[in-house]
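Below is one structure, written out as structure tokens; comments come after it.
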Amino acid sequence: MATSATTVDQLIAAPVARAQIGLWQDAWRRLRRNRLALVSAAYLIGLVVVALVGIVYTPYPYAHEGVGLPYMGPGAGHLLGTDQAGRDIFSRIMIGAQVSLIVGLATQAVVLAVGVPLGLMAGYFRGWIDTALSFVISVFYGIPDILVAMILIVLIGKPGLGTIIIAIAATRWMDMARLTRGQTLSLREREFVEASRSSGGRPAKILFGHVLPNALGPIIVQATLGIPAAILFEAFLSFLGLGVPSPTPSWGSMAADGIHAIRIAPHIVLAPAIGLSITLMAFNFLGDGLRDALDPRQRR
Amino acid sequence: MRGTLLYVGQRTLLIAFTALAVSSIVFIGIHRLPGDAFVSERLRPSQQAALLHQYGLDRPLFVQYRDFMTNLVLHGDLGESIANRGVRITPLVLREATVSGEIGFAALVFTVGLGLLFGVTGAIRQNSWVDYALSATSVVGFSMPNFVIATFLLLLFGIWLENVTGGNFFYEIGWSGTYGNLGEILVPAFALGFPYASFVARLTRASMLEVIRQDYIRTARAKGLAEQVVIVRHALRNALIPVVTILGPLVVGIITGSVVIENIFGIPGLGKEFVQSILNRDYNIVIGVFTGYAAMIGLANLIVDLVYPLIDPRIRY
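Just so you know, the protein sequences line up as chains Y and C, in that order. Okay, so the first sequence: first residue is 7 according to the working numbering, each after it adds one. Okay, so the second sequence: first residue is 63 according to the working numbering, each after it adds one.
In structure tokens form, the structure reads like this:
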């Protein structure tokens with residue numbers, strides 16, 4: 007520390023000992039030190055690449071029955087073997103990865119689009135909006151999500167990706183709304199919000215210009231952790247026969263197919279089951295890493 | 063005591079009201095499409111009309127709803143299955159609820175028992191290899207979907223260890239219906255409870271670590287109490303409080319998880335019936351099972367709330 011020799015002017019002119027870095031750079035530095043989160047991120051990038059490659063190329067047509075003999079074990083011709091209809095499991099895993107990622111990301115997009123504005127409004131305006139939202143949220147928390155989703159799928163009546171995404175998002179939006187509401191409640195009392203309000207800022211500008219950017223960290227963490235939850239949910243629904251209609255493969259429906267043949271060909275159920283477990287774990291580790299990086303105070 | 067009774071009365075009323083509300087919502091939602099259950103039978107229009115008439119599905123929705131509600135409230139009657147004609151739903155749902163309840167209770171025993179055991183062991187031997195092994199198990203248990211765990215158990219006990227178990231753990235053919243046969247319940251209950259046991263273990267470990275550093279634990283040790291007494295009576299009892307508060311959500315999780323587990327193991331409980339009736343478009347049963355679930359969850363939460371004061375005497379009703 008240089009103190010006595012320097013004048014005040016020099017102190018002001020000199021750069022601060024540690025260069026100022028923003029929240030995001032700081033978070034990135036913390037995340038980089040978390041090896042588990044990095045490995046998970048690498049795995050997930052690999053998964054995305056596999057899913058993207060699946061759009062243009064799969065070893066065999068995924069819906070084509072009889073590209074090999076049924077129940078063939080893993081081997082040279084078919085990397086992960088074939089299923090009960092002689093379809094190539096590796097190709098189906100690739101397409102299933104697409105389904106899982108689409109469901110995970112699209113669900114969170116819907117959840118963000120619904121939950122964040124509702125939470126912002128309830129937290130900022132309070133009053134009857136807040137009361138109504140809190141009531142609806144508490145009602146939703148009282149009913150088990152998987153039952154709600156199943157009923158919704160029946161009510162919508164058209165099986166498909168869109169239906170599943172809506173059904174899952176309908177059971178997940180309130181977590182996001184509650185989180186955003188809580189963040190907004192504490193942020194609205196802060197000085198910079200007051201400053202903006204007193205200088206005539208309109209609510210929309212205050213909410214999206216000042217409150218939302220400061221609440222972004224927890225929201226991102228919540229969204230990241232919501233992706234595996236949605237993927238798992240889709241696997242559940244497909245496993246029960248309420249998911250993506252055949253012939254589009256989903257890891258859940260592939261596992262359901264395989265469980266009938268578990269005695270003679272356990273690889274059919276193991277391939278999607280293991281893939282699903284690793285993917286869920288990777289998302290959870292990455293989400294935990296992001297939470298530690300973006301919000302170190304919450305560290306448990 | 064009088065306060066407790068009053069509280070139980072209020073809660074029971076609330077449960078009944080919730081069950082009614084849930085069945086109304088599902089009833090109104092689902093009756094948009096009458097006759098869906100007959101589609102797979104490829105009936106002639108006149109036959110379908112006759113069936114719709116027999117089941118009263120051609121009446122105005124309001125009349126159907128009024129009759130349905132009258133029967134439900136006055137006689138506890140949920141009507142008749144449309145896909146399996148002649149089957150009354152109320153006895154069916156009640157019987158299946160006992161099956162699901164049995165599995166669910168066993169799963170809860172696993173959840174709390176294993177969770178506490180793992181959590182306390184991990185906390186007492188913090189940072190030892192035992193702790194690390196248990197923590198790793200918890201992470202895996204919590205990230206793995208329960209149907210994956212069930213699949214592995216099925217493979218292990220039903221197929222690879224078939225010589226040892228005699229295939230007793232293999233449920234492909236279905237439930238033999240011998241209630242109380244622990245061997246038959248064990249594996250599904252474990253698959254159902256294990257993910258939540260991991261959660262309980264994490265929570266117990268964290269709260270035990272906090273409690274164990276408190277002054278009253280040091281006092282208890284200084285008094286010369288045996289270590290076991292200190293851990294079980296003084297530490298665990300206080301560490302249990304946060305665990306008990308999440309019992310409610312845990313019970314709900316176990317009940318919904320049973321939907322999947324029952325389908326894997328072929329257990330004829332509410333969950334299997336629910337999925338079957340949705341796939342069959344047998345809406346009367348869907349309403350019945352959903353109502354049954356709502357009531358079960360309400361009751362389970364009530365029981366959990368009644369357990370609170372036993373663990374934490376500061377809570378009174």
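The beta-carbon is built from N, C-alpha and C at its ideal position, and this holds for glycine as well.
When DSSP states are grouped into helix, strand and coil, Arg38 (chain Y) belongs to the helix group. Within the same chain, Ile233 and Pro234 come within 6 Å of Phe289 (chain Y) by CB-CB distance, once the 5 residues on both sides are set aside. Among the CB atoms of chain C, one or more fall inside 7 Å of the CB of Met287 (chain Y). Within the region 346–364 of chain C, the residues whose Cβ lies closer than 8 Å to some Cβ of chain Y are Val348, Phe352, Tyr355, Ala356 and Ile359, listed in chain order.
Around the beta carbon of Gln189 (chain Y), a 10 Å sphere encloses 16 or more other beta carbons of the protein chains shown; the residue is thus reported as buried. Counting of Cβ neighbours within 10 angstroms places Asp277 (chain C) among the exposed residues, the total staying below 16. DSSP, read as helix, strand or coil, puts Arg194 (chain Y) in coil. Within the same chain, Cβ atoms closer than 6 Å to the Cβ of Ser97 (chain Y) are found at Thr64, Pro65, Tyr66 and Tyr68, the five residues on either side in sequence being excluded. Relative to Ala201 (chain Y), the option among Y:Val217, Y:Ile225 and Y:Pro272 whose CA is nearest is Y:Val217. In terms of beta-carbon proximity, Ala112 (chain Y) stays away from the interface with chain C, with every pair separated by 7 Å or more. When Cβ pairs closer than 8 Å are counted between the two stretches, the region 174–189 of chain Y is seen to touch the region 128–147 of chain Y, the count reaching three or more. At a cut-off of 7 Å between beta-carbon atoms, Val275 (chain Y) makes contact with chain C.
Just measuring C-alpha positions, the residue of Y:Leu300, Y:Leu286 and Y:Leu296 sitting nearest Tyr49 (chain Y) is Y:Leu286.
Between Ile221 (chain C) and Pro207 (chain C), the alpha-carbon positions lie close to 21 Å from each other. The count of Cβ pairs closer than 8 Å, one atom from the region 181–188 of chain C and one from the region 263–276 of chain C, reaches three, so the stretches are in contact.
In terms of Cβ geometry, Glu158 (chain C) and Gly319 (chain C) do not form a close pair [threshold 7 Å].
Put simply, of Y:Trp134, Y:Arg196 and Y:Ala57 the residue whose alpha carbon is nearest the alpha carbon of Gln104 (chain Y) is Y:Ala57. Only buried fits Glu335 (chain C), as 16 or more other CB atoms lie within 10 angstroms of its CB. Taken through DSSP and simplified to helix, strand or coil, Asp94 (chain Y) comes out as strand. For Ile162 (chain Y), the uninterrupted alpha helix (DSSP H) run begins and ends at Asp151 to Ile162, by DSSP. Of all residues in the region 204–220 of chain C, those with a C-beta nearer than 7 Å to a C-beta of chain Y are Ser205, Met206, Pro207, Phe209, Val210, Thr213, Leu216 and Leu217, reading in chain order. At a cut-off of 7 Å between beta-carbon atoms, Met156 (chain Y) makes contact with chain C. When DSSP reads this structure, Thr88 (chain Y) sits in a beta bridge with Y:Asp94. Counting along the chain, Trp257 (chain Y) sits inside the alpha helix (DSSP H) bounded by residues Trp257 to His266. Against chain C, a Cβ distance below 7 Å from Arg269 (chain Y) picks out Ile221. Neighbours of Gly177 (chain C) across chain Y, judged by C-beta separation under 8 Å, do not exist; the nearest C-beta is about 17 Å away.
Any Cβ of chain Y closer than 7 Å to the Cβ of Thr318 (chain C) would place that residue at the interface, and such an atom is present. Taking the Cα of Arg187 (chain Y) as reference, the smallest distance to any Cα among Y:Gly207, Y:Ile159, Y:Pro224 and Y:Asp151 is reached at Y:Pro224. Secondary structure at Arg208 (chain Y): coil, using DSSP grouped into helix, strand and coil. The Cβ atoms of Pro257 (chain C) and Phe327 (chain C) do not sit closer than 7 Å to each other. Rounded to the nearest angstrom, the gap between the Cα atoms of His115 (chain C) and Ile87 (chain C) is 23 Å. Within the DSSP secondary-structure output, Arg150 (chain C) pairs in a beta bridge with C:Glu142. Distances from the CA of Ile359 (chain C) to each of C:Leu372, C:Leu68, C:Ala78 and C:His296 were compared; the closest alpha carbon is that of C:Ala78.
Following the DSSP letters along the chain, one finds Arg73 (chain C) inside the alpha helix (DSSP H) bounded by residues Arg64 to Ile92. Interface with chain Y (7 Å Cβ-Cβ cutoff): Val249 (chain C) is excluded.
Separation of Asp89 (chain Y) and Val154 (chain Y) (C-alpha to C-alpha, rounded to the nearest whole angstrom) is 32 Å.
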